[in-house]
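> One gets our numbering by counting positions in the sequence shown from 1 and adding 1 to each.
Note that the Cβ used here is the ideal one computed from N, Cα and C, for glycine as well.
Have a look at this one before I ask anything.
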Amino acid sequence: MTMHLPPDTPDIFDIPAFPAVRFAVINAAQVSPKYWSDLPSQRIVPEAFRDQSELFPILVDLDELDETQRATVLHREAVCAETSDKPYQMALLDAPGTSTSVVTHLSRRMVVRQEKGQDDILRIHDPLVFRHLRWLLSTDQLDSLLGPIDTWHWREPGGIWHSHSRDADQPSIRPLRLTPVQWSSLLRMADLQLAIRTLARVDANHAYRIETARQLDRLLADAQSIKGLDDRQDHIVLALQALRFGRSIHQHPALVQRLAMACGGTTTYVSACADLDDTHLQAFASDLEPAQ
2 MTMHLPPDTP DIFDIPAFPA VRFAVINAAQ VSPKYWSDLP SQRIVPEAFR DQSELFPILV
62 DLDELDETQR ATVLHREAVC AETSDKPYQM ALLDAPGTST SVVTHLSRRM VVRQEKGQDD
122 ILRIHDPLVF RHLRWLLSTD QLDSLLGPID TWHWREPGGI WHSHSRDADQ PSIRPLRLTP
182 VQWSSLLRMA DLQLAIRTLA RVDANHAYRI ETARQLDRLL ADAQSIKGLD DRQDHIVLAL
242 QALRFGRSIH QHPALVQRLA MACGGTTTYV SACADLDDTH LQAFASDLEP AQ
């Protein structure tokens, strides 16, 4: 197969070395087909979702690409990075098997069964999801997730590639089973991602740390458990306030009153706190500190 470089593509020797991996997971669901339709690929889609295959990524065997084709892939990633907030390569995989075996495994691992018996999709290929699975799942569960894949590479929000290698020497054939607590965390994943993005605007250094994600997940769970507080934006604001100014911040009379209004249905917590900025919240936190 011949692939022609775009006219503005730099000389291939000026491009940083392509990561020494076997497979690339391309974001075919969110990136224009002009960036991937000419690549030799297989769609990673569970059998039950074949009629919605356009919603799933593709796997490209990089060993099937020549040097020029690899340079084209690098160029396309650079173009997508400049023009979109959607990743081009969602993951890079080290695996000794065939592309078919990797596609088959990933397609199966994307489907997880809830306690009530309903199948749901786990977006393991999404780097923003995978980075959280590393602290949410046990070592055995992560080995089950990787299966025949030796090492999984994903790009962190800051742009740096990170890697996770399978702990077991041999591929795990155990099915991936999630606990009720893990399921609850997964159901909060969208809110967690939004909370992290919101935090990054004021504290980018801490927003993407694993411990920050763990703390925010627990705080979101606490917020969701408050009777009468049903708005997801309220949950996020409550969790971020507790993370940044201390869990006791909501014991301050000013916030107790606002929270009561939100739980009573007269307003949202976001609206009730619209007149507060960081200076106010820091003052509330200081008010609650024990006298020296």
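#1: Could I get the ranges of all uninterrupted beta strand (DSSP E) runs contained in the segment 133-178, with 3 residues as the minimum, in chain order?
#2: Ignore the nearest five residues each way along the sequence and tell me which others in L217's own chain have a CB closer than 8 Å to its CB.
#3: Could you pull out every unbroken alpha helix (DSSP H) segment of at least 4 residues lying fully inside the segment 205-291, listed in chain order?
#4: List the endpoints of the continuous alpha helix (DSSP H) containing I122.
#5: What do you get for N28, buried or exposed, if any count of 16 or more other CB atoms within 10 angstroms of its CB means buried?
#6: Identify which residue in W153, T101, S42 has its Cα closest to the Cα of S166.
#7: Where does D52 sit, in a helix, a strand or coil, going by DSSP?
#8: Between the C-alpha atoms of Q31 and K87, what's the straight-line distance to the nearest angstrom?
#9: Quick one: what's got a C-beta closer than 8 Å to R135's C-beta in the same chain, skipping five residues either side?
#10: Can you tell me whether V203 is buried or exposed, with buried defined as 16 or more other CB within 10 angstroms of its CB?
#11: Measure the beta-carbon distance from C264 to G229 and round it to whole angstroms, keeping in mind my assumption that it falls under 8 Å.
#12: Check R77 in the structure and name its three-state DSSP category.
#13: Which residues in the same chain as Y209 place their Cβ atom closer than 6 Å to its Cβ, once the five residues preceding and following it in sequence are excluded?
#14: Please state whether the Cβ-Cβ distance between V26 and Q90 is less than 8 Å.
#15: If you draw a straight line from the alpha carbon of G98 to that of V104, how long is it in whole angstroms?
#16: Classify S42 as helix, strand or coil using the three-state DSSP reduction.
#17: Where does V295 sit, in a helix, a strand or coil, going by DSSP?
#18: Using the beta-carbon count (16 or more within 10 Å), is G118 buried or exposed?
In short:
#1: Taking 3 residues as the shortest admissible run, the segment 133-178 contains the following complete beta strand (DSSP E) segments, listed from N- to C-terminal end: 152-156, 162-166.
#2: For this step, residue 217 is matched to residue 216 along the sequence shown. Here the set comprises L193, A196, I197, L200, A240, L241, L244.
#3: Counting only runs of 4 or more residues that sit fully inside the segment 205-291, the alpha helix (DSSP H) segments are 205-208, 211-225, 233-246, 254-264, 270-273, 279-289, in chain order.
#4: Position 121 of the sequence shown, counted from the first residue, corresponds to residue 122. Not the alpha helix (DSSP H): I122 falls in the beta strand (DSSP E), residues 120-122.
#5: For this step, residue 28 is matched to residue 27 along the sequence shown. So N28 ends up on the buried side.
#6: Working through the sequence shown from its first residue, we reach residue 166 at position 165. Comparing alpha carbon positions, the residue from W153, T101, S42 closest to S166 is W153.
#7: Here the question's residue 52 lines up with position 51 in the sequence shown. Residue state, collapsed to three classes: helix.
#8: Residue numbering aside, residue 31 sits at position 30 when the sequence shown is read from its first letter. Residue numbering aside, residue 87 sits at position 86 when the sequence shown is read from its first letter. Here the alpha carbon of Q31 sits roughly 7 Å from the alpha carbon of K87.
#9: In the sequence shown, counting from the first residue as 1, residue 135 sits at position 134. Excluding residues within five positions, the ones whose Cβ falls inside 8 Å are L143, H165, I211.
#10: To locate residue 203, count along the sequence shown from 1; it is residue 202. Around the CB of V203, fewer than 16 other CB atoms lie within 10 Å, so the residue is classed as exposed.
#11: As a first step, residue 264 must be located in the sequence shown, where it is residue number 263. As a first step, residue 229 must be located in the sequence shown, where it is residue number 228. Their Cβ separation, rounded to whole angstroms, is 3 Å, which keeps C264 and G229 in contact under 8 Å.
#12: Taking the sequence shown and counting its residues from 1, one reaches residue 77 at position 76. In the three-state reduction of the DSSP assignment, R77 falls in the helix class.
#13: Taking the sequence shown and counting its residues from 1, one reaches residue 209 at position 208. The residues are P158.
#14: The residue you call residue 26 lines up with position 25 of the sequence shown. The residue you call residue 90 lines up with position 89 of the sequence shown. A contact, by the Cβ cut-off of 8 Å.
#15: The residue given as residue 98 occupies position 97 in the sequence shown. The residue given as residue 104 occupies position 103 in the sequence shown. A direct Cα-to-Cα measurement between G98 and V104 gives close to 10 Å.
#16: Within the sequence shown, numbered from 1, the residue matching residue 42 stands at position 41. Of the three classes helix, strand and coil, the one that applies to S42 here is strand, per DSSP.
#17: Only positions 2 to 293 of the chain appear in the structure, and residue 295 is not among them; the question remains open.
#18: Position 117 of the sequence shown holds residue 118. By the neighbour-count rule (16 or more Cβ atoms within 10 Å), G118 is not buried but exposed.
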